[in-house]
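Worksheet for the structure shown next.
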Amino acid sequence: MSLQVFKNEYIEIYKKSKFFFIKSLKQGFSLEKFNELLTREFPYINITSFAAVKNSLLFAPSDPVIFGEERERVSISVTDNGVKAYITLYVPKEDLSPEKRSDLAKEIMDALNKAGIVYGVKNEILSMDLQAGVKYLIAEGTPPVNGKDSIIKLYTISGPKPQVIESGNVNHYELNLINRVQVDDWLGERIDATPGTPGTDVYGKEIPATPGRTFPLLYDRSSVYEDYKDGITTLRSKKNGAVYYKGDTIGVYDFLEIKGDVDFSTGNIDFDGFLSIRGSVKDSFSVSSTNDLEILGEYGVGAADSIVSRNGNIYIKGGIAGKGKAVVRCKKNLYVKFLSDVTVECEGSVYVGFYCINSIIRAKQVIVESPKGRIVGGSIDADVSVSAAEIGNRGETRTMIRVRGFDRNGVRAKADVLAKKLDELKKALAALKQHIQLAASSNQQPTPEQRFLLERKRSEYDDMAQDIKNLEYEYRTLMGYLKTPGEGAVISRTRIYPKVRIDIKNLSEEITTEKPMVTYYYWENTLKTM
0 MSLQVFKNEY IEIYKKSKFF FIKSLKQGFS LEKFNELLTR EFPYINITSF AAVKNSLLFA
60 PSDPVIFGEE RERVSISVTD NGVKAYITLY VPKEDLSPEK RSDLAKEIMD ALNKAGIVYG
120 VKNEILSMDL QAGVKYLIAE GTPPVNGKDS IIKLYTISGP KPQVIESGNV NHYELNLINR
180 VQVDDWLGER IDATPGTPGT DVYGKEIPAT PGRTFPLLYD RSSVYEDYKD GITTLRSKKN
240 GAVYYKGDTI GVYDFLEIKG DVDFSTGNID FDGFLSIRGS VKDSFSVSST NDLEILGEYG
300 VGAADSIVSR NGNIYIKGGI AGKGKAVVRC KKNLYVKFLS DVTVECEGSV YVGFYCINSI
360 IRAKQVIVES PKGRIVGGSI DADVSVSAAE IGNRGETRTM IRVRGFDRNG VRAKADVLAK
420 KLDELKKALA ALKQHIQLAA SSNQQPTPEQ RFLLERKRSE YDDMAQDIKN LEYEYRTLMG
480 YLKTPGEGAV ISRTRIYPKV RIDIKNLSEE ITTEKPMVTY YYWENTLKTM
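Counting with numbering that gives the first Met the number 0, you get residues 0 to 529 for the letters of the sequence shown.
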């Protein structure tokens with residue numbers, strides 16, 4: 000038996016069981032008005048056939064047809080993570096009255112209990128002015144707090160940055176080249192990842208937290224050890240030495256320190272590692288090292304036989320007065336307070352603090368850094384540029400400056416190729432790093448084979464990271480070339496004097512008159528000035 004729930008001059012609405020029927024009496028009742036009627040008076044009716052409603056109104060009068068069904072009076076929805084539950088009421092307006100509030104509250108609580116929602120129920124919602132069809136947050140669980148990833152801090156090595164200090168009558172040229180450490184010195188640390196705090200969903204069930212990731216500490220196990228205490232893994236040096244990185248792996252290289260001078264008491268020195276000499280290198284003696292070499296004596300070096308770094312930089316704090324005998328060779332850069340009567344063969348750049356006198360130099364660049372820095376006499380042979388405040392002197396000492404120059408388009412093309420290769424390597428390194436982190440943070444005990452594969456991946460990672468560092472160094476060098484005017488330049492920042500001969504890419508000019516602040520550069524087969 001059907002029950003009439005609404006009637007006007009246009010339509011009738013009947014309910015039979017849980018279904019609702021519409022019967023149209025005459026045309027004139029729009030679909031919009033019908034929707035307003037249901038929203039206002041019958042929020043508990045869920046339309047299941049809009050077509051039935053539309054056709055009934057459009058082709059009135061018409062026989063009764065099913066168009067909807069009764070909604071749940073209390074509809075409950077829960078978020079996917081189970082942390083929040085919502086209710087929407089689909090009840091007649093009279094059931095929302097204060098007189099029936101206690102019955103409605105009981106109905107809501109019964110629905111929540113039936114759905115198993117028992118945690119974080121907001122009872123204060125039940126006393127609010129509730130509306131039909133409105134979504135209310137009825138229960139809220141406690142979300143989990145995920146763990147924090149491990150935090151790694153490592154010993155920082157900065158690139159060589161010489162300081163030129165002019166103070167009264169005393170000039171200083173300072174540089175920290177070798178990063179020395181002693182046995183048990185701090186090299187880095189890892190603060191443990193945290194497990195996080197579990198939460199509780201609206202059903203009262205625990206929501207597990209995602210533990211933080213434990214990132215691997217990459218270090219050379221032959222020179223570095225780890226010490227664990229109070230949630231912190233600390234890396235320390237096994238020996239006295241010099242800190243180095245191979246890729247992202249930290250280690251301590253062999254380091255030899257000579258407390259005084261290199262003389263008859265020590266003999267000539269050839270060391271496989273980093274070499275530091277607190278004093279000087281006496282006349283006719285030689286020193287050489289595989290890595291960086293520094294000579295820290297305030298009075299510099301005289302007529303030493305040779306000073307050589309096969310793979311690194313050289314820093315000579317006090318300068319060299321070579322008396323036409325001393326020879327300096329290095330794979331990377333030379334940093335020196337001054338050069339006088341010295342032969343230098345450098346695959347990198349030569350940075351001179353104050354002056355370069357009567358010296359023979361072969362390098363990528365020669366830069367005299369002081370605002371009063373001078374190049375006087377001798378022969379300079381550079382690939383890219385030569386720069387000093389003054390070149391030559393008023394006494395018109397013969398000074399030869401040669402810049403071999405470079406192909407700007409070729410350098411730019413090579414830099415572009417390097418940039419593309421670096422981008423590819425960095426993507427591959429990131430993928431490899433993620434693979435290592437996942438394997439290292441696994442809770443399962445690895446098999447011997449898995450440990451072997453992990454160590455091989457770490458070695459592969461170190462090699463790739465080192466390749467990236469080398470390519471980045473090469474890329475920065477090329478970009479530095481492109482900052483040079485033209486395709487090779489000789490820069491006199493304050494003055495150039497007669498008897499200086501400039502040769503850039505085999506185009507020459509003899510300086511015959513004193514000139515202030517001038518740059519000579521090669522461009523389009525011409526030697527230009529600016």
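Every residue, glycine too, gets a C-beta built ideally from N, C-alpha and C. All values derive from a computational prediction rather than experimental measurement.
query	result
Beta-carbon proximity of Thr342 to Gly376, cut-off 7 Å	no
Nearest-angstrom beta carbon gap, Gly404 and Ile503 [assumed within contact, 8 Å]	6 Å
Local Cβ density within 10 Å of Gln364, reported as buried at 16 or more and exposed below that	buried
Coil, strand or helix - Phe273 by DSSP	strand
Distance between Phe273 and Asn178 (C-alpha atoms, nearest Å)	10 Å
Alpha carbon of Gly119 to alpha carbon of Glu423, nearest angstrom	50 Å
Alpha carbon of Ile400 to alpha carbon of Glu389, nearest angstrom	13 Å
Top-ranked residue by Cα proximity to Glu297, from Glu173, Ala438, Gln465	Glu173
Enclosing beta strand (DSSP E) for Glu35 [first to last residue]	Note, Glu35: premise wrong, no beta strand (DSSP E); alpha helix (DSSP H) at 30 to 40.
Opening and closing residue of the beta strand (DSSP E) in which Pro515 lies	514 to 522
Residue environment, Asn290, which counts as buried when at least 16 other CB atoms sit within 10 Å	buried
Cα-Cα separation, Ile360 to Ser288	21 Å
Nearest to Arg212 (by Cα), restricted to the options Asn332, Pro194, Gly318	Pro194
Validate contact between the stretch 483 to 498 and the stretch 517 to 526 using beta carbons, cut 8 Å, 3 pairs	yes
Leu470: first and last residue of the uninterrupted alpha helix (DSSP H) it sits in	447 to 481
Through-space distance from Glu69 to Pro142, alpha-carbon basis	35 Å
Pick from Asn175, Ala381, Val367 that is closest to Ala387, judged by C-alpha positions	Val367
Boundaries of the alpha helix (DSSP H) in which Asp247 is found, first to last residue	Segment: none, Asp247 is in no alpha helix (DSSP H) and carries neither H nor E.
Reduced DSSP secondary structure (H/G/I, E/B, other) of Gly409	helix
Selected residue, minimal CA-CA separation from Leu57, among Val385, Val300, Val144, Glu31	Glu31
Inter-residue spacing [alpha-carbon to alpha-carbon] between Pro91 and Ile46	16 Å
For Asn34 and Ile150, the rounded distance between their alpha carbons	59 Å
Same chain, Cβ closer than 8 Å to Val223, five either side skipped, listed in chain order	Leu186, Leu234, Arg235, Ser236, Lys237, Ile249, Gly250, Val251
Member of Ser275, Ser23, Ser16, Leu129 whose CA lies at the smallest distance from the CA of Lys6	Ser23
Nearest to His434 (by Cα), restricted to the options Ala414, Thr446, Glu459	Glu459
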